[in-house]
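In terms of my numbering, the sequence shown is residues 1 to 605.
Beta carbons are placed, not taken as given, at the ideal position from N, Cα and C, and that holds for glycine.
If you're wondering where the values come from, they're calculated on a predicted model, not measured in any experiment.
I have placed the structure first, in the form of C-alpha cells, so that the comments after it can refer back to it.
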Amino acid sequence: MTTRDDRRDDLPTDPHRVRRPAARGAARGEALDRTADAQIRAGVWPLVTAAEMQALDRETIEARGIPGELLMENAGRALVAPALAARPAGERGRRTIRAFCGAGNNGGDGFVAVRHLRAEGIAAEAILIGDPARLPPDAAAHWRRLVDDPAARDAWRVIAADDDAIDRAALFDETSVALDALFGTGLKRAIEGGLARWILAMNAARTRGLRVVAVDLPSGVSADTGQILGVAIEADRTVTISLPKPGLALEPGRRLAGRIEVARIGIADPDPGRAVRAELWNARAVARGFPARPRDGHKGRFGHVLVAAGSEGKWGAASLASRAALRAGAGLVTLVVPAVVGRRLPELCAEVMTEAAQATASGGFAEAAVKAIVELASARSVLAIGPGLGTDPGTVACVRRVLAEVDVPVVVDADGLNALVGELERVRTRRGPTVLTPHPGEAARLLERDAATLNADRIASARRLAERAGAIVVLKGAGTVVASPQGRALVVPTGGPLLASGGTGDVLTGVVAALLAAGMEPFEAAALGAWWHGAAGDGHALAGIGFGMRAGELADALPGTAQAILAQFGGECGAGESDCAERVADGGEHGAERVAALVHRFPGP
1 MTTRDDRRDD LPTDPHRVRR PAARGAARGE ALDRTADAQI RAGVWPLVTA AEMQALDRET
61 IEARGIPGEL LMENAGRALV APALAARPAG ERGRRTIRAF CGAGNNGGDG FVAVRHLRAE
121 GIAAEAILIG DPARLPPDAA AHWRRLVDDP AARDAWRVIA ADDDAIDRAA LFDETSVALD
181 ALFGTGLKRA IEGGLARWIL AMNAARTRGL RVVAVDLPSG VSADTGQILG VAIEADRTVT
241 ISLPKPGLAL EPGRRLAGRI EVARIGIADP DPGRAVRAEL WNARAVARGF PARPRDGHKG
301 RFGHVLVAAG SEGKWGAASL ASRAALRAGA GLVTLVVPAV VGRRLPELCA EVMTEAAQAT
361 ASGGFAEAAV KAIVELASAR SVLAIGPGLG TDPGTVACVR RVLAEVDVPV VVDADGLNAL
421 VGELERVRTR RGPTVLTPHP GEAARLLERD AATLNADRIA SARRLAERAG AIVVLKGAGT
481 VVASPQGRAL VVPTGGPLLA SGGTGDVLTG VVAALLAAGM EPFEAAALGA WWHGAAGDGH
541 ALAGIGFGMR AGELADALPG TAQAILAQFG GECGAGESDC AERVADGGEH GAERVAALVH
601 RFPGP
C-alpha cells in the first residue's frame, strides 16, 4: 500500500536542570496535556522530517484504516481557500488557476484541488507534467476521477517534462494562481532537465505578477534541511500538509515558502513521548514560557547575573551584554572586566555594578583573575562569559579554569567559545549546566569542520555539538537552532538580517543569562531568549528600519517586545494586563509595530 509520501524519488539524567519558576500556564491552573494536538494548540509545533512524515502516513493508512485516497481528498480540498485568497486584487476570473502537477502524490493533491475549484465555478486546470502511467495508486484514482468527468474535458492536460515546444512563459502569463504540486517531501536528488526549466519559468512568471501557492513545500526545497536541490520554487504562500517540516523553518526554505499555512487533514500525530523531534514555537508558546513576575516580586527574586567580558578595545561588548541582561529582566547585574577596561564603563552602565580583575599587558583577563571571577560567580545566579574577551593566552587559560571551577549555570559566547576549541571535554565535565551560543564560524571551529558543511544541515550540526559538549547549544544564524545533548532541537522562526551587525550576539548572551537567573531550565531559557531576541529585531524591521539598527537599540527593544507578546497572547505582564494591552493598542511605549512583528508563521489549528 502506498503512503502519501511514497513520492517519485527517482527524481539518563539531564544535567541541565535548574529550579524552574512557575510557568504562566501553570500559574493559571491549566492542566498539562502532552498530546501533540494539545501542544499545537499551546503553540508548540513538531517539525517532522520526510521519513517521520512517511511513517505517520503509513500508521494512519495501515494501522488506523484511513484510506490514502481520503487523505488526498482532504489535502486537495484544503488548497482551495488559499488558492482563491492568493488571487491578485481585482482578479475576477479573467485568468485560470492552474495546478502544475508531478507524477507523484503531490500531484494528486493538485488534481483534487482543481476538481473542487471547478465545483465552485472557478476556471481551473490540472497540468500533469509527466507520465500518467507512473502515478501512484491514490493519485491515479483522483486523476481518473478528473479525466473521466465529461464536464471536465477542459480541466486537464498532459505535457511531457522535456517538451520544450510548449510556450511555458505564455502559459504562466495566462494563469492567475499556480499551484506548485510538482514535488513533495520525498524529493532527495537535484531537479534537472525539463522539470528544472518548468520551475525556472514559474519563478520568472512570478516577477510578472503570477501568484504561486506551494503544496506541502516549494518544489526543490529539502524537507529536512531547507536547502535547494538543484532549483526551487519561490512561493507566495505554502500550504504544508499535516505538520510543518524543518525545511520550512530553515533558510533558504523559509524565505522560499512565503506565508505558511498548515492543513490538518487527519494524518496521525507523532507521540510526543515516543521520539525526540525538532520543534518550533509560535508567539503563544513563547508567551506561556516567560517566567512569572509577581507583583510582590523584588530584585533578589529575579536573579543576579555576573558578566565576565571585555578587553582593551572591546569594552562595548561587556556593556551590551550587561545592558541586555537588565533589559531582559535580571534583578541585578554585576560586570567584571579586566582592570584596564573598568575605568571606561561607569557612564555606559549606570545600573550595573562593576568589578575589576587582574589584566594582561594587552588588556585582557590574566590567568590570575580566575580566583576573583570564581568568587564573584559563586555568589551570583549565573555567569555569562566571553563577549569581547580577546584571545590572549592568559585570557584563554582564565576562561578554561573558570569553567572548571564554577558550579553555577554558565552562558559562553564569542571569545569564551574560542577558548574551548579542542577543549570541549572541559564543558562536558562541568558540574553546572552550560549554554553555548556560537555563530556558524565558531561552531565550525568547535566541531573541526567548515562552516558551509555545518550550515548544510543546521539541526544535525547543533545536535552534534550539543552532544559532544554535553551542553545546550544555540547555533545562531538564519534559522537559529537550539539543541540539547539528548537530541531535542528547536528552530527559531524570528530574526532576520537586521541582527547581522556587531554586538547583537552580546545582547543574546545577556538575554539568555537573565532568563537562567530567573530560574528557567537551560533549554527553555536558550530557546525563549533566542526567539525574543529575534522578535525584537523583527519589530524594528516592521517599523521601517531596513538597516542600521544598533545592538544597543536591540537591547532597548526587549521590554516592549515582551510586553507586546504577553499582552496579545499571555495576558500578564509586569505593567498589569489592562495597562499593557492599552499601551500596545495605542502604539505607545511598547509600540504597535512590536505586535505586528509577532505574526506567527505556524498558527494553531
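When secondary structure is reduced to three states using DSSP, V492 falls in the coil class, being assigned neither helix nor strand.
A direct Cα-Cα distance of roughly 29 Å separates A141 from A165. Per the coordinates, the alpha-carbon of R206 lies some 38 Å from the alpha-carbon of E442.
For T434, the CB contacts under 6 Å within the same chain, skipping 5 residues up- and downstream, are V410, V427 and A471 in chain order. Per DSSP, I373 has no beta bridge partner at all. Per DSSP, the beta-bridge partners of A384 are V307 and V411. Between the alpha carbons of T429 and A525 lies a gap of roughly 21 Å. For A278, the secondary structure class from DSSP, reduced to helix, strand or coil, is strand.
Nearest neighbour of A324 by Cα position, chosen from A223, L56, E73 and D556, turns out to be D556. Here the C-alpha atom of L417 lies approximately 8 Å from the C-alpha atom of L446. When DSSP states are grouped into helix, strand and coil, L475 belongs to the strand group. By the neighbour-count criterion, in which 16 or more other beta carbons inside 10 Å mark a residue as buried, V221 falls on the buried side. D163 and V231 have their C-alpha atoms roughly 18 Å apart. Taking the Cα of T96 as reference, the smallest distance to any Cα among R468, E425, D149 and V177 is reached at V177. Inter-residue distance for V307 and A257 is about 39 Å (C-alpha atoms, whole angstroms). With a 10 Å radius around the Cβ and a threshold of 16 neighbouring Cβ atoms, A235 comes out buried. When only Cα atoms are considered, A268 and V382 end up about 42 Å apart. Partner residues in the beta bridge of E125, as assigned by DSSP, are R98. Taking the Cα positions, V212 is about 11 Å away from I199. For P244, no beta strand (DSSP E) segment is defined, and its DSSP state is neither H nor E. Its Cα nearest to that of E351, the residue L332 stands out among T360, P218, Q358 and L332. Our two residues, G316 and E553, have alpha carbons roughly 13 Å apart in a direct line. When the five nearest sequence neighbours on each side are left out, the beta carbons in the same chain lying within less than 7 Å of the beta carbon of L376 are those of L306, T334, V336 and E355, in order along the chain. DSSP, read as helix, strand or coil, puts F183 in coil.
Rounded to the nearest whole angstrom, the C-alpha separation of A456 and P252 is 10 Å.
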